[in-house]
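Novice: Would you mind keeping the following structure in view while I ask a few things?
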Amino acid sequence: MTLTANEPSTTGEAGDTADDASQPLTAQEQQWVDQFMDETTLFLGPDPAIMRSHQITSRSAYEEECISKGVDPIKVDRIRKRLAGALDEGYEMCEAMGAAPGAKWGDLTTAIYTAEGDVTYLSCHGVIAFSAILHHPIRYIMKYWKDEPTVGINPGDGFIHNDARYGNVHNTDQSMIMPIFREGKIIAWVAATIHEGENGACEPGGMPSGSETPFDDGLRMSPFKIVEKGDLRRDLLTFLQHSVRDPKLQLADLKVKIGAVQRIQERVDSIIDEVGVETFVAALRVTVEDVEQEVKRRISELPDGTVSFNQFMDSTLKENILIKFACKVTVKGDKMTVDLRGTGPEILNRAINSPLCSVKSMMMQAILAFWWPDLPRCTSAMSPIDIISDEHTWADAGYDAPMGQSLQASFRGFSALQTAFAKMQFSNPEKFSNVLAPWFNQINTFLWGGLTQHGDQVGNLCADLNGMGGGAKAFRDGEDAVSPLFCAMADTAEQEVMEEEVPFMQLVSKRIVRDNQGFGKNSGGMGYEMIVAAEGTPMWGFMTVTSGSKFSSVTGMFGGYGCSTTPLAMVKGINIYDVIRKDSSKFDLSMERIMNEQPYEGGKYTTSHMGLQFDVAKDGEMYMIAQGSGGGYGDVLERDPEAVAKDLELGRISPKVATSIYGVVWDPETFVVDQEATTRLRHDSRQARIARGKPYKEFLEGYVKTEPPKDLLYYGSWGDDTEELTATHFTNNGPERVKATIDKLPLIMLPDRREVKISALEDRIRELEQKHGEVVHRKS
Amino acid sequence: MRIPMTEYLIIDLETERWNCRVCNQDLGEARGNYKEGTLVYDRDPTEIHQSILDPEKYEFTFAPDPTFCRILEFYCPGCGTQLETEYVPPGHPPTVDMLWDIDSLRETWIKRGTKPEVVINYGPGEEAVADFTPALGSYNTHNHSPHSFS
């Protein structure tokens, strides 16, 4: 059972018909019950009334009073610009002084909130997703700690928080939230949030792909007070340091966040000194309300109708499955509804589940970074949008589901809205952003941990996750490795700087992988490869935490193709540094060459999906991955042949792709396009399409099946015209496929993949023994 | 009035039909699913996203697994333009990706009073570039085709 403060209490077992229980309580009795429950609540868990809502609050009496005294839009604009400057200053302090790698490359935010916790303004840099999430912990603090005698809120106090169940993008982000007081009243909040990385989870780096219970996810900080009247509490700090692998990082970044927030508060003080409290409060509230009104207006400009987009993820990060993320976006007048029903169930012993609030935060990322990037980053940008979702799906997971790698579900929330919007806004003459193919949506990078060359215990990750390929645009190619979907101005960092702190090198860094392109009239931005190997440490290991090795993570747009799939490749049992020291000419590495030529004798060459749990890396063992590409836009046969020849000349695509995908003929010596032959080849290709394509209805008759392929572990609705979800349930008798609505599905857990493998091998051994007549007596 | 709805699809409000923007092929009722007017092909994804690592040696090669993933290619029956692609598990019904309220669309465009095929300047053919004509005013004296603003 989920323990939450607002869970209705059961008054008796089913069938209990005692007279007393059936009598309605008098007002006095109800008051006693309420008082008793208030005073004796067992556990103040996440509050559904807070957690299910992404709407802004209504005006408070004080805000009403402030606004009634008159609002000068010019003055509001000036206040907003001053706030933007203050928040950017705080942001830059975190970026410059933060110890976490995430802080150094911009994975953070600073923000100012109304007294009720609605985000009014976010720093211009950083992660916009936070504008849809941090009202949750503030509302929790206001509801439960403000009047709690053992806690309370005073000037100079600061609250820390990380657990996404109480509202966060994911558990690796830690916030410092501090109130602004005037005359004994809270008039606003300021917060700084940094992707800290290490959080004491079952694996280093804060985003464990291996978590199988919520208790494997690391620190579970509900919002609590760690700064009292300006002083950081050493006892609580010590507890946190003791709970993570990197105690220095925990201290350093707490101080950085406190410093940044206090600096922003100083700037706010000077604004209030200048304009007065009432004007300041009115400006915060008016900004939130104005954004809500403008969003309604922009929705009403979109054509009425429904756009649907289904995604299929191919991994639990331990085994390959297919799990659906369904999304239907409906616009009617100034109302938008996002319907996620049909999405697969939560998997109770895998890390991919996400709370709905985190999925919404990534939807906000799509809205404020890819739909309407000119708007102030307010909570209210999503207020007019209704979201329909079934609890206990993997994108709306319950309290008891592990969420270590919740980005797997929440990034699908981003892609759902980013992809659908191309169709929603294409015919709208009033555009605030480009019509765009899907952005790459996986954090393909290495997480790492262990002991450094300096003797420090650490756990974190490479900034290369920020090198996602951009989606192709309606009028030009997407940019290669340009930025992560969650942070337009993030950096991929200087690997050489990192190498001074950690005991591994990127032997290949940022080399584009040939053919790893979203093909289209305009191609998606390409991804690059990384090869890492550690040396000179008593203990080190790597992880990868993404999907998309069997099923492309992003699709194309308007006839373009999606991205390739991306494998993890490893060479174990050799030391590449010894090889290079012996013969430096061997330092000509690429994943393609190493894996296909297998040049190192004695090496064990393997590939796998991109869910690698913490894997101990011996000196010089190689781990190889590649970033993915953005989706392509438009028909490949429309691509400018000169652009194809240029890609060919630069080695970005192979001759096979140039011919078979793009239909281009060229002179191999000069790379000059043969225009006539190309026109002929493309004409023939179009005719071949017409010859092989089947009329839609005839095609459906032959293609569509009533259920997924028998051996495929599939989770989610099969087709869009059913309320039932299909799932494979593992019973005493082995796997059984079930079909039911989410409330009637059994709890979904997957068997230990090692046991599955051992069992298959044992079966094979028995088969071979039988075949060869060998009799073996085994005891069990 | 003809409204460009995607790169290759247009809705003709007079006839209430979907049409191909390249060859004007009729693709069915505008109030319904345009895919019903297309030709469809079940593409093995390894033909598009080809293996970079040797598929004889390895399971994971940069190419999707055709037992997990298929690419449905939707072609215009008139000109063979690839109007749309969809990545689905084998046998999964194609998604009805767009359904529009035609009455509301008509009302909106009448109210706008502008020519859709002029103001929506993305589309097949030459690349669209942002139209700065209103901002440039009298400084810009050139005439342009819908798809080649400069």
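Protein chains in written order, with the numbering used here: chain A, 1036 to 1815; chain B, 29 to 178.
The beta carbon of each residue, even a glycine, is placed where N, CA and C say it ideally should be.
I'd like to know whether the C-beta of Asn1767 (chain A) is nearer than 8 Å to at least one C-beta of chain B.
Specialist: No, because no Cβ of chain B sits closer than 8 Å to the Cβ of Asn1767 (chain A).
Novice: Ordered along the chain, which non-local residues of its own chain (more than five positions away) have a Cβ less than 6 Å from that of Asp1550 (chain A)?
Specialist: If we look at Asp1550 (chain A) and ignore the five residues flanking it on each side, its Cβ neighbours are Ile1688, Ser1689, Val1692.
Novice: Helix, strand or coil, according to DSSP, for Asp1325 (chain A) in the structure here?
Specialist: Note: Asp1325 (chain A) maps to helix in three-state DSSP.
Novice: Can you list the residues of chain A that Leu133 (chain B) reaches, using a CB-CB cut of under 9 Å?
Specialist: Simply Pro1338, Asp1339, Gly1340, Ser1462.
Novice: Gln1070 (chain A): buried (16+ other C-beta within 10 angstroms of its C-beta) or exposed?
Specialist: Exposed: under 16 other Cβ atoms inside 10 Å.
Novice: Could you tell me which chain A residues have their CB closer than 7 Å to the CB of Pro92 (chain B), listed as they occur along the chain?
Specialist: Within 7 Å Cβ-Cβ: Lys1585, Phe1586, Ser1587, Thr1600.
Novice: Would Cys107 (chain B) pass as an interface residue toward chain A - the criterion being a Cβ-Cβ separation below 8 Å?
Specialist: With 8 Å as the cut-off, Cys107 (chain B) counts as an interface residue toward chain A.
Novice: Taking only runs that begin and end inside the region 39–126 of chain B, name each unbroken beta strand (DSSP E) of 3 or more residues, in chain order.
Specialist: You should have 45–48, 54–57, 67–71, 98–103, 110–116.
Novice: Measuring CB to CB, does Pro92 (chain B) end up less than 8 Å from Thr1487 (chain A)?
Specialist: For Pro92 (chain B) and Thr1487 (chain A), no; Cβs fall outside 8 Å.
Novice: Verify whether the separation of the beta carbon atoms of Met1626 (chain A) and Ala1652 (chain A) is less than 8 Å.
Specialist: Contact flag unset, no.
Novice: Leu1603 (chain A) bridges to which residues according to DSSP?
Specialist: Answer is A:Ser1643, bridged to Leu1603 (chain A).
Novice: Please list the residues of the region 1622–1655 of chain A that have a C-beta atom closer than 9 Å to any C-beta atom in chain B, keeping them in chain order.
Specialist: So the close ones are Met1626, Glu1627, Met1630, Asn1631, Gln1633, Tyr1640, Thr1641, Thr1642, Ser1643, His1644, Met1645.
Novice: Across which residues does DSSP place Thr1428 (chain A) in a beta bridge pair?
Specialist: Paired residue(s): A:Pro1380, A:Asp1431.
Novice: Just how far apart, CA to CA, sit Thr109 (chain B) and Val50 (chain B)?
Specialist: Roughly 8 Å between the two C-alpha positions.
Novice: Check the Cβ-Cβ distances between Trp46 (chain B) and every residue of chain A, and say whether any is below 8 Å.
Specialist: Cβ-Cβ to chain A under 8 Å: no for Trp46 (chain B).
Novice: Going along chain B in order, which residues have a C-beta closer than 9 Å to the C-beta of Lys1331 (chain A)?
Specialist: Within 9 Å Cβ-Cβ: nothing; Lys1331 (chain A) doesn't reach chain B, min ~16 Å.
Novice: Which residues in the same chain as Asn171 (chain B) place their Cβ atom closer than 6 Å to its Cβ, once the five residues preceding and following it in sequence are excluded?
Specialist: For Asn171 (chain B), the predicted structure reports a pLDDT of 43, less than 50, and the residue's modelled location is therefore unreliable. A value from the coordinates is still provided. Contacts found: none.
Novice: Ordered along the chain, which non-local residues of its own chain (more than five positions away) have a Cβ less than 7 Å from that of Gly1152 (chain A)?
Specialist: His1170, Ile1173, Arg1174, Met1177, Trp1224, listed in sequence order.
Novice: Where Ala1134 (chain A) and Gln1633 (chain A) are concerned, what is the direct C-alpha to C-alpha distance, given to the nearest angstrom?
Specialist: If I take the Cα positions, the gap works out to 39 Å.
Novice: Enumerate, from N- to C-terminal direction, the unbroken alpha helix (DSSP H) stretches of 4 or more residues contained entirely within the region 1248–1299 of chain A.
Specialist: Qualifying alpha helix (DSSP H) stretches, in chain order: 1269–1277.
Novice: Counting along the chain, where does the beta strand (DSSP E) carrying Leu1760 (chain A) start and finish?
Specialist: Looking at the DSSP string, the run of the beta strand (DSSP E) that includes Leu1760 (chain A) is 1760–1766.
Novice: Under the three-state reduction of DSSP, which class applies to Val1614 (chain A): helix, strand or coil?
Specialist: Here Val1614 (chain A) sits in helix by DSSP.
Novice: Could you tell me the distance, in whole angstroms, from the CA atom of His1812 (chain A) to the CA atom of Glu1804 (chain A)?
Specialist: Going from the Cα of His1812 (chain A) to the Cα of Glu1804 (chain A) covers about 11 Å.
Novice: Considering only C-alpha positions, which residue in the set A:Gly1555, A:Gly1583, A:Asn1203, A:Gly1646 is nearest to Glu112 (chain B)?
Specialist: Of the listed residues, the one whose Cα sits closest to Glu112 (chain B) is A:Gly1555.
Novice: Could you compute how far the alpha carbon of Leu1410 (chain A) sits from the alpha carbon of Arg1674 (chain A)?
Specialist: Distance between the alpha carbons of Leu1410 (chain A) and Arg1674 (chain A) is about 34 Å.
Novice: Per DSSP, Met1397 (chain A) forms a beta bridge with which residues?
Specialist: Paired residues: none, contrary to the question.
Novice: Under 8 Å Cβ to Cβ from Gly56 (chain B), same chain only, skipping five residues before and after it: list those, please.
Specialist: Excluding positions up to five away in sequence, the list reads Arg45, Trp46, Tyr62, Glu64, Gly65.
Novice: Grab me the residues of Leu1038 (chain A)'s own chain with a C-beta within less than 8 Å of its C-beta, minus the 5 sequence neighbours each way, in chain order.
Specialist: In this prediction, Leu1038 (chain A) scores a pLDDT of 40, lower than 50, which makes its location untrustworthy; the coordinate-derived value is nonetheless stated afterwards. Leu1077, Phe1078, Gly1080, Tyr1434, listed in sequence order.
Novice: Can you give me the start and stop residues for the alpha helix (DSSP H) that Asn1355 (chain A) sits inside?
Specialist: No alpha helix (DSSP H) holds Asn1355 (chain A); the beta strand (DSSP E) holding it covers 1355–1360.
Novice: Please list, in chain order, the chain B residues whose beta carbon lies closer than 9 Å to that of Tyr1697 (chain A).
Specialist: In chain order: nothing, as chain B lies at least about 11 Å away.
Novice: Identify each residue in the region 1247–1263 of chain A for which the Cβ-Cβ distance to at least one residue of chain B is less than 7 Å, and report them in chain order.
Specialist: If the cut-off is 7 Å between Cβ atoms, the region 1247–1263 of chain A has nothing near chain B.
Novice: Near Ile1420 (chain A), what residues of its chain come up, given a Cβ to Cβ distance below 7 Å and the 5 sequence neighbours on each side ignored?
Specialist: The answer, listed in chain order, is Met1371, Val1373.
Novice: Under 8 Å Cβ-Cβ, which residues of chain A neighbour Leu81 (chain B)?
Specialist: The contacting residues are Pro1602, Ala1604, Met1626, Glu1627, Met1630, Asn1631, Thr1642.
Novice: Which residues of chain A have a Cβ atom closer than 8 Å to the Cβ of Asp129 (chain B), listed in chain order?
Specialist: By Cβ distance, chain A contributes Pro1338, Asp1339, Gly1340, Lys1367.
Novice: Using only CA atoms, which one of A:Ser1518, A:Ala1569, A:Gly1137 lies nearest to Glu1535 (chain A)?
Specialist: Glu1535 (chain A) has its Cα closest to that of A:Ala1569, out of A:Ser1518, A:Ala1569, A:Gly1137.
Novice: Straight-line CA distance for Phe96 (chain B) to Asp1349 (chain A)?
Specialist: Those two C-alpha atoms are separated by around 8 Å.
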